[in-house]
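Here's the structure we're looking at; comments come further down.
Here it is, written out as structure tokens:
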């Protein structure tokens with residue numbers, strides 16, 4: 038069902054309309070009048086014949102005229118019947134403003150279920166309940182109440198927003214608007230009983246006039262729908278900015294695997310954002326900065342930046358941040374340097390950063406400043422440019438802005454400006470920059486962060502098959518238990534081997550046997566029991582067993598330890614494994630309710646849970662994502678070889694991650710957790726030395 042008439046209604050009904058401006062129904066009518074909605078306004082309240090200059094109707098079904106959207110500002114108990122009336126009248130969309138639904142407890146949850154059933158039966162799509170409503174800024178359609186309807190009136194533009202909070206969401210929009218961001222649609226979603234944030238993002242992707250998408254999210258029930266919307270937005274070159282809240286919940290559970298204890302829900306969101314090209318922001322001001330930078334419509338082709346200004350301190354602060362976000366202050370070409378020497382004052386520094394000194398530009402040097410800016414922007418090794426006006430006065434900023442604006446038609450490179458001047462102090466200069474589409478930010482650090490974001494987003498667009506998910510091939514698997522089960526190490530590693538994942542050479546011995554079947558020493562001796570997931574904790578593992586005599590002693594020891602620590606456990610045998618060497622890593626999978634299987638990868642060993650150096654991706658994924666996971670680890674230098682040791686086979690590790698993701702995706706309906714720990718990464722490959730798989 039198209040959402041076009043939700044955002045562009047020919048008429049809006051207000052059920053529960055009121056002349057009292059303190060009531061939601063009164064505010065909705067007032068906002069439509071105040072902002073000049075050009076469609077039909079249909080107040081609905083049987084107590085009034087007329088309201089705010091409009092005919093008032095006794096019921097939704099009595100409305101005459103084209104009407105596509107109903108604003109329902111009534112107590113929760115009345116809402117299901119009004120939704121039915123919307124369907125009977127042919128109104129396809131409703132915004133339910135009030136609360137008293139599932140957030141209010143079991144009784145409210147039943148009302149919400151009745152409301153949703155009525156909507157399904159009568160083909161009505163719902164926003165809310167428990168929300169502030171929606172706004173089409175261009176059409177001045179304020180199907181809303183509360184803070185979203187109050188001043189300042191939003192300027193029209195190309196940013197569409199979906200907000201899972203009314204108050205904070207509106208604060209986010211207001212901060213963006215004050216920075217100079219123009220809006221198209223603003224939707225607050227409340228309980229999301231029907232239409233969800235991913236569906237609305239998807240709709241914004243289809244809207245030809247939406248250029249940037251902004252979201253405040255606390256959580257989604259269908260993570261893969263969010264990723265699909267993100268991928269569609271990436272393919273359409275429409276950046277999606279997300280401020281994600283509710284990130285401290287760690288999703289802890291009583292689980293057998295290390296992976297489950299290392300993985301929080303926020304980890305999964307961050308992985309999903311990276312995979313589908315969603316840009317995460319950390320705060321309201323960062324959302325405003327990034328939206329402003331993206332709204333300009335210019336993207337770099339690399340990570341090299343140039344900086345120009347008269348403040349050495351500004352350059353230092355910018356440079357510090359540039360290092361952290363992967364930007365390089367690249368050397369300028371000889372031609373650029375020569376042009377700068379000819380254009381700038383004799384004492385100017387013409388390296389990068391370019392420092393032309395305080396008090397510059399001025400009227401006498403305006404032409405030279407223009408030539409200097411043009412030269413830097415034309416440098417083939419520079420991908421974007423920052424101008425540091427710092428505390429330049431009003432007339433100086435005005436002159437600099439005018440000269441800079443002359444250069445912009447000749448380049449597609451992003452140009453961002455830092456100035457501490459406010460509109461009260463430098464109205465003309467700031468207006469000139471805004472009209473030229475130049476983002477103006479209040480600190481050099483924020484300029485660097487915005488530039489880093491632009492470079493990263495350009496990289497995401499340039500990835501092969503940008504926006505598409507990797508298909509998972511079919512793996513022929515052995516028969517699995519038909520019921521929930523914890524697979525012991527031997528069975529788990531057999532499953533890995535079937536998926537093409539290298540595992541150690543093992544021999545499973547019955548309890549009491551010591552035959553080694555030609556395995557080479559040293560070996561590891563491990564108890565095999567589905568009832569003992571953490572063998573090391575109970576003394577069920579002996580490593581570096583050097584010969585047959587030690588082997589016999591080790592078998593007896595791990596058997597005795599297991600029987601003493603877990604007398605009720607079923608012992609299925611003793612696993613003798615050839616020892617593996619290399620850098621210890623951990624590979625695991627958790628099956629998230631919203632995102633499905635998620636692969637975790639990190640440095641293993643005894644410090645795994647203490648260090649928590651882990652990267653994540655939602656399965657399935659390809660080799661590029663696998664390589665990126667390895668590169669995200671803080672301790673990735675371990676793979677480069679230390680103290681004369683050869684470097685690890687990074688590609689072998691990456692291939693294992695891809696194979697694990699494919700196995701996890703194929704097992705998605707049965708898999709609860711997977712823990713492959715350790716995986717030894719060596720110079721000529723990588724191998725899984727232990728594994729635990731839990732099926733549901």
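Numbering (the numbering used here), first residue to last: 38 to 733. C-beta: ideal position from N, C-alpha, C; glycine also.
1) What's the gap between the Cα of residue 232 and the Cα of residue 468?
2) Taking the alpha carbon of residue 523 as the reference point, which residue from 709, 191, 481 and 343 has its own alpha carbon closest?
3) Looking only at its chain, what residues have a beta carbon closer than 6 Å to the beta carbon of residue 664, apart from the 5 residues adjacent to it on each side?
4) Identify, in the order they occur along the chain, each residue of the same chain with its Cβ nearer than 6 Å to the Cβ of residue 220, setting aside the five sequence neighbours on each side.
5) Just to confirm the assignment, what range does the beta strand (DSSP E) spanning residue 197 have?
6) Quick one: what does DSSP say residue 356 is sitting in, helix, strand or coil?
7) Is the Cβ-Cβ distance between residue 257 and residue 251 less than 7 Å?
8) Report the three-state DSSP secondary structure of residue 49 (helix, strand or coil).
9) Mind the definition here: the stretch 304-318 touches the stretch 455-468 only if three or more C-beta pairs lie below 8 Å; say whether that holds.
10) Report the rounded CA-to-CA distance for residue 166 versus residue 65, giving the unit in angstroms.
11) If we require 3 or more residues per run, which beta strand (DSSP E) segments fall completely within the stretch 482-555?
12) Go through its chain and collect everything with a Cβ distance to residue 331's Cβ below 6 Å, but skip five positions before and after it.
13) At which residue ranges does the stretch 129-163 contain complete alpha helix (DSSP H) runs of 4 or more residues, listed in the order of the chain?
14) Just verifying my parser: in three-state terms, what is the DSSP assignment at residue 433?
15) Rounded to whole angstroms, what's the CA-CA distance from residue 434 to residue 321? Just pull it up for me.
16) Where do the ends of the alpha helix (DSSP H) carrying residue 305 lie?
17) May I ask you to report which of helix, strand or coil DSSP gives residue 676?
18) Residue 78 lies in the beta strand (DSSP E); which residues open and close that run?
19) State the CB to CB distance for the pair residue 619 and residue 637, rounded to an integer number of angstroms; the pair is presumed to be in contact (CB under 8 Å).
20) If I'm right that residue 452 touches residue 424 with Cβ under 8 Å, what's the distance once you round it to whole angstroms?
21) According to the Cβ coordinates, are residue 155 and residue 120 closer than 7 Å?
22) Any contact between the stretch 719-726 and the stretch 680-690? By contact I mean 3 or more CB pairs, one from each, below 8 Å.
23) Among 353, 411 and 86, which residue has its Cα nearest to the Cα of residue 449?
24) Give every residue of the same chain whose Cβ lies closer than 7 Å to the Cβ of residue 516, excluding the five residues on either side of it in the sequence, and list them in chain order.
25) Figure out for me which residue from 182, 578, 559 and 711 has the closest Cα to the Cα of residue 566.
26) Kindly indicate which residue of 213, 136, 670 and 543 has the alpha-carbon position closest to the one of residue 326.
27) On a CA-only basis, which of 400, 513, 569 and 55 is nearest residue 111? Give me that one, please.
28) Excluding the 5 residues flanking residue 200 on each side, which residues of the same chain have their C-beta closer than 6 Å to its C-beta?
29) Among residues of its own chain, excluding the 5 on either side of residue 38, which ones have a beta-carbon nearer than 7 Å to its beta-carbon?
30) Taking the beta strand (DSSP E) that residue 662 belongs to, which residues open and close that run?
31) Would you mind sorting residue 614 into buried or exposed? The rule is 16 or more other CB atoms within 10 Å of its CB.
32) How would you write the range of the alpha helix (DSSP H) that residue 70 sits in, first residue to last?
33) For residue 614, does the three-state DSSP call read helix, strand or coil?
34) Per DSSP, what kind of secondary structure is residue 632 in: helix, strand or coil?
35) Below 8 Å CB to CB, which residues in the same chain sit around residue 118 once its five sequence neighbours on both sides are set aside?
36) Which word fits residue 41, buried or exposed, when buried means at least 16 other C-beta atoms lie within 10 angstroms of its C-beta?
Let's see:
1) The residue given as residue 232 occupies position 195 in the chain shown. The residue given as residue 468 occupies position 431 in the chain shown. When rounded, the distance between both Cα atoms is 39 Å.
2) Taking the chain shown and counting its residues from 1, the one referred to as residue 523 is at position 486. Taking only the C-alpha atoms, the option nearest residue 523 is 709.
3) Locating residue 664 in the chain shown gives position 627, counting from the first residue. Hits under 6 Å: 691.
4) Here the question's residue 220 lines up with position 183 in the chain shown. Excluding sequence neighbours, residue 220 sits near 174, 191, 194 and 196.
5) Along the chain shown, one-based indexing puts residue 197 at 160. 193-200 is the extent of the beta strand (DSSP E) around residue 197.
6) Counting from 1 along the chain shown, the entry for residue 356 is found at position 319. Residue state, collapsed to three classes: helix.
7) As a first step, residue 257 is located in the chain shown; it is residue number 220 there, counting from the start. As a first step, residue 251 is located in the chain shown; it is residue number 214 there, counting from the start. Their beta carbons are not under 7 Å apart, which means residue 257 does not touch residue 251 by this criterion.
8) Sequence index remark: in the chain shown, residue 49 carries index 12 (1-based). In the three-state reduction of the DSSP assignment, residue 49 falls in the strand class.
9) no
10) The sequence position of residue 166 within the chain shown is 129, counting from 1. The sequence position of residue 65 within the chain shown is 28, counting from 1. So the alpha carbons of these two residues sit roughly 15 Å apart.
11) 522-524 and 543-546
12) The residue given as residue 331 occupies position 294 in the chain shown. If we look at residue 331 and ignore the five residues flanking it on each side, its Cβ neighbours are 249 and 276.
13) 143-158
14) Residue 433 sits at position 396 when you count from the first residue of the chain shown. Helix, per DSSP.
15) In the chain shown, counting from the first residue as 1, residue 434 sits at position 397. In the chain shown, counting from the first residue as 1, residue 321 sits at position 284. Taking the straight line from one Cα to the other gives about 27 Å.
16) The residue given as residue 305 occupies position 268 in the chain shown. Residues 302-313.
17) Locating residue 676 in the chain shown gives position 639, where the first residue counts as 1. It is helical.
18) For the purposes of this step, residue 78 is taken as residue 41 along the chain shown, with counting starting at 1. Per DSSP, residue 78 belongs to the beta strand (DSSP E) from 77-81.
19) Against the chain shown, residue 619 aligns to sequence position 582. Against the chain shown, residue 637 aligns to sequence position 600. With a Cβ gap of about 19 Å, residue 619 and residue 637 do not count as contacting.
20) As a first step, residue 452 must be located in the chain shown, where it is residue number 415. As a first step, residue 424 must be located in the chain shown, where it is residue number 387. About 7 Å; that satisfies the 8 Å criterion.
21) Within the chain shown, numbered from 1, the residue matching residue 155 stands at position 118. Within the chain shown, numbered from 1, the residue matching residue 120 stands at position 83. With a cutoff of 7 Å on beta-carbon distance, residue 155 and residue 120 are scored as near each other.
22) yes
23) Indexing the chain shown from 1 puts residue 449 at position 412. Among 353, 411 and 86, the Cα nearest to that of residue 449 belongs to 411.
24) As a position in the chain shown, residue 516 is number 479, starting the count at 1. Once the five neighbours on either side are set aside, residue 516 has no close Cβ partner at all.
25) On the chain shown, position 529 is the one that residue 566 refers to. Taking residue 566 as reference, the option from 182, 578, 559 and 711 with the minimal CA-CA separation is 578.
26) As a first step, residue 326 must be located in the chain shown, where it is residue number 289. Measuring from the Cα of residue 326, the nearest candidate turns out to be 213.
27) To locate residue 111, count along the chain shown from 1; it is residue 74. The shortest Cα separation from residue 111 among 400, 513, 569 and 55 belongs to 55.
28) Within the chain shown, residue 200 is the residue found at index 163, counting from 1. Taken in chain order, the residues that qualify are 206, 225 and 253.
29) Here residue 38 refers to the residue found at position 1 when the chain shown is read from its first residue. Hits under 7 Å: 162.
30) Taking the first residue of the chain shown as position 1, residue 662 is located at position 625. No beta strand (DSSP E) contains residue 662, which is instead part of the alpha helix (DSSP H) from 660-669.
31) Sequence index remark: in the chain shown, residue 614 carries index 577 (1-based). Label assigned to residue 614: buried.
32) Along the chain shown, read from residue 1 onward, the residue named residue 70 stands at position 33. It spans 61-72 - the alpha helix (DSSP H) in which residue 70 sits, taken as one unbroken run.
33) For the purposes of this step, residue 614 is taken as the residue at position 577 of the chain shown. If DSSP states are grouped into helix, strand and coil, residue 614 belongs with the strands.
34) Within the chain shown, the letter at position 595 stands for residue 632. Three-state DSSP puts residue 632 in coil, outside helix and strand.
35) In the chain shown, counting from the first residue as 1, residue 118 sits at position 81. Here the set comprises 155.
36) Within the chain shown, the letter at position 4 stands for residue 41. Residue 41 comes out exposed.
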